[in-house]
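Report on the following structure.
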Amino acid sequence: MISAAPKPILYSYFRSSCSWRVRIALALKGISYDLVPVNLLKDGGQQFSAEFKAVNPMQQVPALKIDGITLSQSNLNVLKQIGEKKTEWAQNCIASGFQALEQILQHTAGHYCVGDEVSMADLCLVPQVSNAERFKVDMGLYPTITRINKALLELEAFRVSHPSRQPDTPAELRA
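Under the numbering used here, the first residue of the sequence shown is numbered 891, with each subsequent residue one higher.
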């Protein structure tokens, strides 16, 4: 008898855009997984614990343990390093990217970013729009991005992976 492979384990923070993209991808592929919350703020950042360092020496989320291999992504502490000006910095960075993206989408968009099928671009778009809303970027300037985001949020994979629906989401931020 062949034993079933263990379920993948996703080490994630509910509000991490990078983690969100992985949750969307897993949901789109219908891959069930066990979630291990890693709070980036609690206790000075649980990603810096010895326990998590054993999982991911880079000490960043997301980390996905699948088939005995841990896959990880870097570049999550950028806003932490910005300091007091993080909101203004975030608004400027997001707006700059969205100005370019809005123009690109004029040529590529169908129902979603690239035609009528969900693509990697869509997996990146929804978390970034959420960041834009969190940092109070004027989304009225980006009608195509707003339309596509709304369409994507109607899909089950995007709904179930939303930060407000994760087990480690604080009660006041739950959907």
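The beta-carbon is built from N, C-alpha and C at its ideal position, and this holds for glycine as well.
As the structure is a computational prediction, the values presented were derived from the model and not from experiment.
field: CB contact flag (A915, L1013, <8 Å)
entry: Against a cut-off of 8 Å, the Cβ pair of L1013 and A915 comes out as a contact.
message: Taking 8 Å as the cut-off, does the segment 1036-1048 touch the segment 1009-1028 (at least 3 CB pairs, one atom from each stretch)?
response: With the cut-off at 8 Å, the segment 1009-1028 and the segment 1036-1048 touch.
field: Residue span of the alpha helix (DSSP H) that contains P1033, given as start and end
entry: Start and end: P1033 to L1042.
task: Quick one: residues in its chain with C-beta nearer than 7 Å to the C-beta of R1064, no 5 flanking neighbours on either side, listed in chain order?
output: If the five residues before and after R1064 are omitted, its C-beta is found closer than 7 Å to the C-beta atoms of S1054, all from its own chain and listed in chain order.
- prompt: Taking just the CA atoms, how far does T960 sit from N946?
  reply: Roughly 7 Å separates the two Cα atoms.
task: Counting only the same chain and skipping the five closest in sequence on each side, list residues whose C-beta sits under 7 Å from that of L966.
output: Residue confidence for L966 is low, a pLDDT of 36 falling below 50, so the modelled location carries little weight; the figure read from the coordinates is stated next. Take L966, set aside five residues on each side of it, and the residues of its chain with a beta-carbon closer than 7 Å to its own are S906, C908, Q950 and V951, in chain order.
message: Under DSSP, the beta strand (DSSP E) around I956 begins and ends at which residues?
response: I956 -> beta strand (DSSP E) spans A953 to I956.
query: Out of D1006, N982 and A1061, which has the shortest C-alpha to C-alpha gap to A1022?
result: The shortest C-alpha separation from A1022 is found at N982.
query: Relative to the C-alpha of V1027, which residue among R911, L995 and G987 is closest?
result: Considering only alpha carbons, the answer is G987.
- request: Using three-state DSSP, classify L991 as helix, strand or coil.
  value: Of the three classes helix, strand and coil, the one that applies to L991 here is helix, per DSSP.
message: Output needed for D1058: all residues of its chain with C-beta closer than 6 Å, excluding positions within five of it in sequence on either side, in chain order.
response: Cβ within range, chain order: F904 and P927.
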